[in-house]
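Data first, discussion second: the structure below is written as structure tokens.
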Amino acid sequence: MPFCRLPWSATAGPVAALLAALAISTALPLHAQQPVAFTPAGEVFSLKLPAGEGGGRAGATEANGTVQFIGTATVLIRYQGFTILTDPNFLHKGDHVHLGYGITSERLTNPAIDFDKLPPIDLVVLSHMHEDHFDKLVQDKLARNTPIVTTKEASESLKKLGFTRSYGLGKWDQVEVEKGEARLRITAVPGRHGKAGMQALLPSVMGSVLDFGQGKGAPDYRMYISGDTLVYDDLKTIPQRFPGIDLALLHLGGTRIMGVFKVTMDGKDGVQLMQIIHPQRTIPIHYNDYDVFKSPLADFAKEVKAAGLEQQVTYLAHGETYTFTPRKR
Ligand SMILES: [Zn+2]
Numbered sequence: 005m006p007f008c009r010l011p012w013s014a015t016a017g018p019v020a021a022l023l024a025a026l027a028i029s030t031a032l033p034l035h036a037q038q039p040v041a042f043t044p045a046g047e048v049f050s051l052k053l054p055a056g057e058g059g060g061r062a063g064a065t066e067a068n069g070t071v072q073f074i075g076t077a078t079v080l081i082r083y084q085g086f087t088i089l090t091d092p093n094f095l096h097k098g099d100h101v102h103l104g105y106g107i108t109s110e111r112l113t114n115p116a117i118d119f120d121k122l123p124p125i126d127l128v129v130l131s132h133m134h135e136d137h138f139d140k141l142v143q144d145k146l147a148r149n150t151p152i153v154t155t156k157e158a159s160e161s162l163k164k165l166g167f168t169r170s171y172g173l174g175k176w177d178q179v180e181v182e183k184g185e186a187r188l189r190i191t192a193v194p195g196r197h198g199k200a201g202m203q204a205l206l207p208s209v210m211g212s213v214l215d216f217g218q219g220k221g222a223p224d225y226r227m228y229i230s231g232d233t234l235v236y237d238d239l240k241t242i243p244q245r246f247p248g249i250d251l252a253l254l255h256l257g258g259t260r261i262m263g264v265f266k267v268t269m270d271g272k273d274g275v276q277l278m279q280i281i282h283p284q285r286t287i288p289i290h291y292n293d294y295d296v297f298k299s300p301l302a303d304f305a306k307e308v309k310a311a312g313l314e315q316q317v318t319y320l321a322h323g324e325t326y327t328f329t330p331r332k333r
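Residue numbers for the sequence shown follow my numbering, beginning at 5 and rising by one.
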């Protein structure tokens, strides 16, 4: 038996305690686990926002939060006084985006809100630099001093476009955000746009975990945004570092480049990622906005039903809002 060969020190004292702790944590289903404070594994940046900026409400004591789906991967998240915009895409039906290498795609939907009608934004979380996530209109109109939390690669592109407050994150790097009493920690987590061999052709992508509240302690609410990723082994490290995810926003669509190469999750992949991450609730986004999206939302709904996960999914049409109340810790 291999265990017999372990040195004594591995079966008693701190190592044994660690093994026991691991046994306990793996015995609990992940969705039943409580979020725990995260010890940073990467670089930590800090962002201080003026308390009154961004049209935020009362702040840290707020009971409910909202996620409004605008279209593509664009959502407006409002909680604890923060107003966060993700992957801003405000082009209209019939407009085209360039995805590199001469590949273009036509938008098939309208954003639920026009860019000019947005409330004041505290910061943008950008998963990667593709025009269906940060389009030409946004490149022109977004205030140059808007804080943008993104990949290192996208941050360099943003600097060239004149944006002065981008935070380029590598895997597990994080930004600690303060706004008055309110606290938010954003961590870059693994994501990969396409299979391993296609890396050189596609922009680097980050998933992100947004931990709201309480500074260094366990968060009040933990949100995960997948970014444009396929399912691969590294994603399993996300729930290990961030157990107890309350809400997952999954970028689906089964995007096909040149009609062949899959570069975002289809319905089946989305369910697979749910089974890896074990979020309390999942909202699919990025599913019908461009003609390169080949896996309709119905694919995901069918897989969700087959997996018996219907109770854990909320479907939002463009413009709809999901309101959440953090569970009691
Ligand atoms: Zn995309």
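Using N, Cα and C, we set each Cβ at its ideal position, and we do this for glycine too.
Computed from a predicted model, the values in this text were never measured in an experiment.
For residue i, the nearest candidate out of the options (CA to CA)
| i | options | result |
| --- | --- | --- |
| aspartate 136 | Ala302, Ala77, His322, Asn68 | Ala77 |
| tyrosine 105 | Asp293, Ile261, Tyr171, Val267 | Ile261 |
| isoleucine 289 | Gly201, His282, Ser299 | Ser299 |
| threonine 327 | Gln84, Ala45, Gly75, Lys306 | Gln84 |
| asparagine 114 | His282, Ala147, Phe94 | Phe94 |
| arginine 169 | Ala252, Glu182, Val153 | Val153 |
| phenylalanine 119 | Asn149, Arg82, Lys156, Ile74 | Ile74 |
| serine 88 | Leu103, Lys163, Ala45, Arg189 | Looking at the sequence provided, one finds isoleucine at residue 88 rather than serine. Closest by alpha carbon: Arg189. |
| alanine 310 | Ile287, Leu320, Gln276 | Gln276 |
| glycine 263 | Ile107, Ala67, Asn68 | Ile107 |
| lysine 199 | Asp237, Leu122, Arg82, Lys163 | Asp237 |
| lysine 156 | Leu173, Gln203, Met202, Arg148 | Leu173 |
| proline 123 | Leu103, Arg82, His96, Asn149 | Arg82 |
| leucine 103 | His197, Val308, Leu313 | His197 |
Close beta carbons around residue i, own chain, < 7 Å, minus the five adjacent residues each side
| i | result |
| --- | --- |
| aspartate 99 | Arg111 |
| glutamine 72 | Val79, Leu80, Thr325 |
| arginine 226 | Pro39, Val213, Asp215, Phe246, Gly248, Ile249, Asp250 |
| glutamine 218 | Arg187, Asp224 |
| arginine 61 | Its pLDDT being 47, under 50, arginine 61 is placed unreliably by the model, and nothing is read from it. |
| alanine 45 | Trp176 |
| arginine 148 | Gly166, Phe167, Thr168 |
| leucine 320 | Phe73, Ile287, Tyr326 |
6 Å CB neighbourhood of residue i in its chain, flanking five on each side removed
| i | result |
| --- | --- |
| methionine 133 | Ala158, Ser161, Pro207 |
| glycine 195 | Val209, Met210, Gly211, Gly231, Thr233 |
| phenylalanine 49 | Tyr171, Val179 |
| glutamine 244 | none |
| glutamate 182 | Lys52 |
| phenylalanine 304 | Leu256, Gly271, Gly274, Pro288 |
| proline 151 | Leu51, Leu127, Arg169 |
| asparagine 68 | Thr327, Thr329 |
| threonine 70 | Arg82, Thr325, Thr327 |
| glutamate 307 | Gly271, Lys272, Val275 |
Proximity of residue i and residue j at Cβ, strictly below 8 Å
| i | j | result |
| --- | --- | --- |
| lysine 175 | alanine 186 | no |
| threonine 90 | valine 142 | no |
| tyrosine 294 | leucine 301 | no |
| phenylalanine 246 | valine 213 | yes |
| glutamate 47 | aspartate 126 | no |
| glycine 258 | lysine 266 | yes |
| arginine 285 | threonine 318 | yes |
| methionine 269 | histidine 255 | yes |
| serine 131 | valine 296 | no |
| alanine 116 | histidine 282 | no |
| isoleucine 229 | leucine 253 | yes |
Own chain, CB closer than 8 Å to residue i, minus 5 neighbours either side, in chain order
| i | result |
| --- | --- |
| isoleucine 280 | Val235, Leu239, Lys240, Ile242, Pro243 |
| leucine 165 | Gln143 |
| arginine 331 | Asp250, Gln284 |
| proline 4 | As shown, the chain starts at 5 and ends at 333. That puts residue 4 outside it, with no answer to give. |
| histidine 96 | Arg111, Asn114, Pro115 |
| glycine 59 | Since pLDDT at glycine 59 reaches only 43, below the 50 mark, its modelled position is unreliable, and the value read off the structure follows with that caveat. Answer for glycine 59: Thr87, Pro123, Pro124, listed in chain order. |
| lysine 121 | none |
In chain order, what residues have a CB nearer than 5 Å to some heavy atom of ligand 1?
Checking every Cβ against the heavy atoms of ligand 1 under 5 Å gives Asp136, Asp232.
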